[in-house]
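So the structure is just underneath, and the comments pick up after that.
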Amino acid sequence: MQITEPAHPGRKGFFTDTSICIGCKACEVACKEWNRNPADSDWKLSDSSYDNTTHLGADTWRHVAFIEQGKEKIEQARESGRRLVSLGMPTRAVPQEDLSGVDTTPPDTPDFRWLMSSDVCKHCTHAGCLDVCPTGALFRTEFGTVVVQADVCNGCGTCVAGCPFGVIERRKDGLVQPKTNRDFTAGEQAPTPHVGVAQKCTLCYDRLVDGQTPACAQTCPTTSIKFGDHDDLAEQARERVRELHAKGLTEARLYGANPNDGVGGTGSIFLLLDEPEVYGLPPDPRVPTADLPRMFNRASLAAAGMIAGVVLAFLTGGRRR
Amino acid sequence: MTHSDYDSYRPPEPPRRRRRGGPKGGRRRGGGGDGAREQPMVPDAEFTSYYDRPIVKPPPWENPIGVYLFLGGLAGGSAMLAAGAELTGNEVLRRNSRLSALGAVGLGAVALVADLGRPERFLNMLRTIKLSSPMSIGSWILSGFSAFAGVAAVAEVDRMTKARLPLGPLRPLLRFVETPAGVAAGLFGPPLAAYTAVLLSDTANPTWNDAREHLPFVFVSSASLAAGGLGMITTPVADAGPARALAVIGSASELVASELMERTMDPVAAEPLHHGAPGKMLKWSKWLAAAGGLGALIGGRNRTVAVLSGVSLLTASALTRFGVLHAGLHAAEDPRYTIVPQKNRLAKRREAGVIDDSITTAG
């Protein structure tokens, strides 16, 4: 029997250019609608600018962060970006001209700015959630993305701890519904699917297999969220950073575009205008399984020690009376 | 700072929430009674976070998981005691330890299943063998252990009921496989006690992950002292010699291993082990382990002292497991524990000239 390989579609991903995000949250809405994710709000304001979604989670696969910064913070961001450039990595991205003399005033906001960034699952090259999943519910798709099979997951929660970005989460609210009842009537609250299992962004796997664009990218009015082939997007992202640096905006930097980082690069690349932790992103994430061989050795040594301890116990305390 | 003429009409902004200095930041110096006395002196690291929101998420592991960590270790240690007693001809200790092993692993497995989001799918744990997943390997270890410990314990029950179990023609077979099964359960014991440490450490949780070098040693020691303690409670002093010795060895190594663990960790990542309820639990666990170990060493031949020491050791082991579990859950709630160690290690690598492995790049 001859097996014919289907044409490999190649790795897909997002490039989220936060410099042109306007914080409209259309991506959040489109994501929730398409994926039928339940409402997760208690309708309270969170006291953090316009962000009342607060974090990514089982029911929120796109989250727009809002940060308000004054002149001092802008200066700090620009300075930290300048330091990043001066590290000289990677070399081809360093702007040719000396930036210290450039007028660094951004076009229209000299002493106040909003940072808005639509966060999403990173679809890591070395995905912690995927590595530690015991059931095989999480898998790598033909698009290079990481997706949960909701009918296989038993909700053990190991992936939640395994994710260095705090993306994946176990869904806990709502009611369990048999598959046949899953659809909903317009105007009524839809039943919550996949309760008790881990849930996260699928990069709209169901849309990709039909050749469609993920809902968030399709709806984004400013093209801040771009969808496409991962390598093209990475090149586009580097080009955009060069463009911003040339304008004196040294605070621009990429997050996740480096295949040598702790997670092997991410499928979702971000252009940020400040340090990652300002946006709630980890500054140096590392896939925990990178150290697994070492941990295995240590645990084996400990187990051997335990055997030695028991043998010793019977040698010293074994005599009856 | 005023940005426009109309800003003066705005209501005053509430001060931004700052965990540091608050009850959860655990940086109060002196007083407070939250374990601040043992706090390592760490220079105050400035860091920015997104509205003090956590970065990594705590796994949905609640008290049942703590119960399982404790009972799994107890079962593993007990099965080892049983195997040793079998090989040295100590029948009372063998019987008691086999029954303890099965009881502990049975209850532990129930606790484990109870914590699943979809408990009815617990068998999905066995639909694959995945070397990169400590939970998968652990499920297989637990299954193998339970099967062997079950056979050994059933043989023991059959003997206790004077062959009244309705085994029929299986009885000779059971007698034949009893010893190999007991020894096999004993061999599955150490992995059962040690894998849970890898399960916790193989996560992005700042505290558990940073404890990875020594946590397995803490856990096997804790399992040993618990099994020794239970043996001292269930078995008369005449036959409990090996249990006493294991209790002493276990408590000594637990004290050494946990001290080593705390000293070699990043000071910030280790903080949750010293603060709040987890800090208290871990402190008490040390005292109780020391007391139980000393009791076993000095007064273990007195039945009352033996039972008291045994209770003290079991409590110590449970407190260690709950303490480590909750320290990690707490560490995931505060961005400080994620951001500060990561920034430090990134800065250290950059100082050492490694500049090609940062997730943030200039282009």
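Respectively, the protein sequence lines represent chains H and D.
Position one of the first sequence corresponds to residue 1 (our numbering), numbered consecutively onward.
Position one of the second sequence corresponds to residue 322 (our numbering), numbered consecutively onward.
Glycine included, every Cβ here is placed at the ideal spot set by N, Cα and C.
Compare the C-alpha of D/TRP529 against each of D/TYR330, D/ARG374, D/PHE643, D/LEU395 and name the closest. D/PHE643
Taking DSSP's pairing of strands, which residues face H/VAL146 in a bridge? Answer by DSSP bridge pairing, in chain order: H/ARG140.
Would H/CYS153 pass as a contact of D/ARG439 if the rule is Cβ separation under 9 Å? Yes, the Cβ-Cβ distance between H/CYS153 and D/ARG439 is below 9 Å.
Who pairs with H/ARG170 in a beta bridge, going by DSSP? H/ALA198
Tell me the rounded alpha-carbon separation between D/ALA573 and D/LEU486. 42 Å
Rounding to the nearest angstrom, what Cα-Cα distance links H/GLN212 and H/PHE143 in this structure? 13 Å
Euclidean distance between Cα positions of D/GLU575 and H/GLY256: 41 Å
Judging by CA-CA distance, which residue of D/LEU423, D/LEU437, D/SER522, D/ALA544 is the nearest neighbour of D/LEU640? Here the closest residue by C-alpha is D/ALA544.
Local conformation of H/CYS163 per DSSP, three classes: Here H/CYS163 sits in coil by DSSP.
Report the rounded CA-to-CA distance for H/LYS179 versus H/CYS156, giving the unit in angstroms. Its pLDDT being 43, under 50, H/LYS179 is placed unreliably by the model, and the measurement read from it follows with that caveat. The straight-line gap from Cα to Cα measures roughly 22 Å.
Whole angstroms are fine: how far does the CA of D/PRO662 sit from the CA of H/THR16? 27 Å
Contact set between the segment 514-532 of chain D and chain H, restricted to residues whose Cβ is under 9 Å from the partner: Within the segment 514-532 of chain D, the qualifying residues are ALA514, ALA515, TYR516, ALA518, VAL519, LEU520, LEU521, SER522, ASP523, THR524, ALA525, ASN526, TRP529, ASN530.
Return the CA-CA distance between H/ILE20 and D/PRO381, expressed in angstroms with no decimal places. 36 Å
When D/SER325, D/VAL377, D/LEU634 are compared against H/GLU277, the one with the closest alpha-carbon: D/VAL377
With DSSP collapsed to three states, give me the class of D/VAL675. coil
How long is the line joining the alpha carbons of D/PRO455 and D/VAL434, rounded to whole angstroms? Taking the straight line from one Cα to the other gives about 16 Å.
Return no unless some Cβ of chain H is closer than 9 Å to the Cβ of D/PHE466. no
Own chain, CB closer than 8 Å to D/LEU520, minus 5 neighbours either side, in chain order: PRO455, MET456, GLY459
For D/THR659, which of H/VAL132, H/ALA161, H/LEU45 has the nearest alpha-carbon? H/ALA161
What residues in its chain sit with their C-beta under 7 Å from that of D/LEU498, if we drop five residues either side in the sequence? The amino acid at residue 498 of chain D is misidentified as Leu; the sequence shows Val. Excluding residues within five positions, the ones whose Cβ falls inside 7 Å are VAL472.
Could you check what DSSP says for H/ILE269 in three-state terms: helix, strand or coil? strand
How far does the alpha helix (DSSP H) with H/PHE66 in it extend, from its first residue to its last? Run containing H/PHE66: none in the alpha helix (DSSP H); it sits in the beta strand (DSSP E), 62-70.
Listing by chain order, which chain H residues have their CB less than 9 Å from the CB of D/GLY438? CYS153, ASN154, GLY155, CYS156, GLY157, ARG170, ARG171, LYS172, VAL195, GLY196, VAL197, ALA198
List the whole-angstrom C-beta distance separating H/THR145 from H/THR202, where the pair is believed to meet the contact cut-off of C-beta under 8 Å. Indeed, because the Cβ distance is near 7 Å, the residues count as touching under 8 Å.
Applying a beta-carbon distance threshold of less than 8 Å, which residues of chain H neighbour D/TRP382? GLY157, ALA161
D/GLU441: which of H/LEU56, H/CYS159, H/ILE67, H/GLY196 sits nearest, CA to CA? H/GLY196
Check whether the Cβ of H/MET116 lies closer than 9 Å to any Cβ atom in chain D. H/MET116 does not count as touching chain D.
How big is the Cα-Cα spacing for D/PRO493 and D/ARG416? 19 Å
Closer than 8 Å at the beta carbon, the chain H residues around D/ASP678: Counting only Cβ-Cβ distances below 8 Å, D/ASP678 has contacts in chain H at ASN258, ASN260, ASP261, GLY262, in chain order.
Would you list the residues sitting across from H/PHE112 in a DSSP beta bridge? H/GLY70
N- and C-terminal bounds of the beta strand (DSSP E) containing H/ILE225: 225-229
Could you check whether H/GLY264 and H/HIS126 sit closer than 9 Å to each other, using their CB atoms as the reference points? yes
Should H/CYS201 be flagged as near chain D, meaning a C-beta pair shorter than 9 Å? no
For H/ASP17, which beta-bridge partners are listed by DSSP? H/LEU271
Just how far apart, CA to CA, sit D/PRO379 and D/GLU654? 7 Å
Between D/ASN526 and H/PHE227, what straight-line distance do the alpha-carbon atoms span, to the nearest angstrom? 31 Å
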